[in-house]
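First up is the structure itself, then whatever we jot down about it.
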Amino acid sequence: MPKLQRTSWPRLLIAFAFWTLIGLAFAGQLYLSKAKVGEPVPWSFAVSRALSDWYVFALLSIPALGLARRFSLGDKQWSLNLITHLAASALFSIGWMALRALVEVGLTRGGAAAVTFLAAFNRALVTTFFYNLLIYWVIISVGYAFDYYRKFNERELRAAELEKRLTEARLQALQMQLNPHFLFNTLHAISSLMHIDVEAADRMLARLSDLLRHALESTDTQEVPLREELDFLARYAEIEQTRFGDRLKIEMKIAPDTLDALVPNLVLQPLLENAVRHGIEPHARAGRIEISARREGNSLRLEVRDNGGGLEGKVVEGIGLANTRARLKQLYGARQSFVLANGADSGVVVSVILPFHTPEP
Numbered sequence: 147m148p149k150l151q152r153t154s155w156p157r158l159l160i161a162f163a164f165w166t167l168i169g170l171a172f173a174g175q176l177y178l179s180k181a182k183v184g185e186p187v188p189w190s191f192a193v194s195r196a197l198s199d200w201y202v203f204a205l206l207s208i209p210a211l212g213l214a215r216r217f218s219l220g221d222k223q224w225s226l227n228l229i230t231h232l233a234a235s236a237l238f239s240i241g242w243m244a245l246r247a248l249v250e251v252g253l254t255r256g257g258a259a260a261v262t263f264l265a266a267f268n269r270a271l272v273t274t275f276f277y278n279l280l281i282y283w284v285i286i287s288v289g290y291a292f293d294y295y296r297k298f299n300e301r302e303l304r305a306a307e308l309e310k311r312l313t314e315a316r317l318q319a320l321q322m323q324l325n326p327h328f329l330f331n332t333l334h335a336i337s338s339l340m341h342i343d344v345e346a347a348d349r350m351l352a353r354l355s356d357l358l359r360h361a362l363e364s365t366d367t368q369e370v371p372l373r374e375e376l377d378f379l380a381r382y383a384e385i386e387q388t389r390f391g392d393r394l395k396i397e398m399k400i401a402p403d404t405l406d407a408l409v410p411n412l413v414l415q416p417l418l419e420n421a422v423r424h425g426i427e428p429h430a431r432a433g434r435i436e437i438s439a440r441r442e443g444n445s446l447r448l449e450v451r452d453n454g455g456g457l458e459g460k461v462v463e464g465i466g467l468a469n470t471r472a473r474l475k476q477l478y479g480a481r482q483s484f485v486l487a488n489g490a491d492s493g494v495v496v497s498v499i500l501p502f503h504t505p506e507p
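In this text, residue positions in the sequence shown follow this note's numbering: the first is 147, and each later residue adds one.
Okay, here's the thing in structure tokens:
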């Protein structure tokens, strides 16, 4: 069991109030029971006697709880600890009777009903010895219950912290896969343009430099405002539009009330890349990609829609889509949705639904 921790003043006040309430409850019982049998006593008498009883219990509860922490019944040596507690409970009872006898002597001193220490102790021995044993076991049981609750909370906190660290480690691993994937694909796009339009390739290299600077600066950031994500996406879209020219048109339909919503960093880039690669690149005709964001209650819906040939047969997700799906699951669990499906007329629609939340002020 852990060592006895320093008790704060609020805890002391709470403990004092707890024992006082018990004492007042027993004072009321004593007052009413005496009146019921025709032997009424003053309320001050009932309160002084009851509070004296329970304040002594409160005082002795301190070493009792210390013993409960030191000699736990959940340890391997529980049998020896049980014997220790049996002996301690007897000492607890005797100690209570001795202290209570001293209090009784003080309360009756100088009065007509003054009692001696020995008389008060003997009366307490006859009437309260076994009752005091029961109080001891109740006190240490409550102590064990609170200690178990504290340990349970500590385990929950440690488990939550470990889960958080594990999630962050997984997300960082996914980002480490995603960033090189994005870089290699962009460099491939530039290399394919190098022999066709050198000036356009040079512009793409400049945009790539901006994108890489942004990606490196936000490596440790799991979520960013949607407006920041769209700014990054616009730079990437400029690279793709430089590559495809009139063959590619990208349109954004972003609801203004979604711009401050937090989204996973680089969540839209692999979706746009997938639409370009599978919806636009395989066809000679002009292609169109629509990127939209809107709020639906407590959720944010992001969609990337193309007018390509659509899905055929079994869909095999590449690194970009697979990592995006995994990152969403790690960040939001069951509160997210990632769906890849054919559009109503043509092409493919990638829908991402995640909890709508904004940065804390």
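C-beta: ideal position from N, C-alpha, C; glycine also.
Arginine 381 is positioned such that its CB atom lies no closer than 8 Å to that of leucine 339. In terms of Cα proximity to arginine 393, the closest of Arg423, Leu372, Phe378 is Arg423. A Cβ-Cβ distance of about 6 Å is found for the pair asparagine 453 and glycine 433, placing them in contact under the 8 Å criterion.
A straight-line Cα-Cα distance of about 49 Å links methionine 243 and glutamate 307.
Rounded to the nearest whole angstrom, the CA to CA distance from isoleucine 400 to arginine 296 is 48 Å.
Pairwise C-beta distances place the segment 182-193 out of contact with the segment 215-233, as fewer than three of them are shorter than 8 Å. When Cβ pairs closer than 8 Å are counted between the two stretches, the segment 284-298 is seen to touch the segment 210-222, the count reaching three or more. Rounded to whole angstroms, the Cβ separation of isoleucine 336 and isoleucine 396 is 18 Å, and the two are not in contact under 8 Å. For the pair leucine 500 and serine 445, the CB atoms are nearer than the 8 Å cut-off. DSSP, read as helix, strand or coil, puts lysine 222 in coil. In the structure shown, lysine 460 falls within a coil segment according to DSSP collapsed to helix, strand and coil. Every beta strand (DSSP E) of 3 residues or more that sits fully in the segment 343-381 is shown, in chain order, as 369-371.
Of the residues Phe238, Ile426, Gly252, the one whose Cα lies closest to the Cα of tryptophan 283 is Phe238. Taken through DSSP and simplified to helix, strand or coil, glycine 433 comes out as strand. Secondary structure of glutamate 442 (DSSP, three-state): strand. The Cβ neighbour count for alanine 265, taken over all protein chains shown within 10 Å, is under 16; the residue is labelled exposed. One thing to note: glutamine 368 has its Cβ within 8 Å of the Cβ of leucine 477. Secondary-structure assignment with DSSP links glutamate 397 through a beta bridge to Glu436. For proline 410, the enclosing beta strand (DSSP E) stretches over residues 408-410. Taking C-alpha positions only, tyrosine 201 is separated from threonine 274 by approximately 15 Å. DSSP places serine 492 in no alpha helix (DSSP H); its state is neither H nor E.
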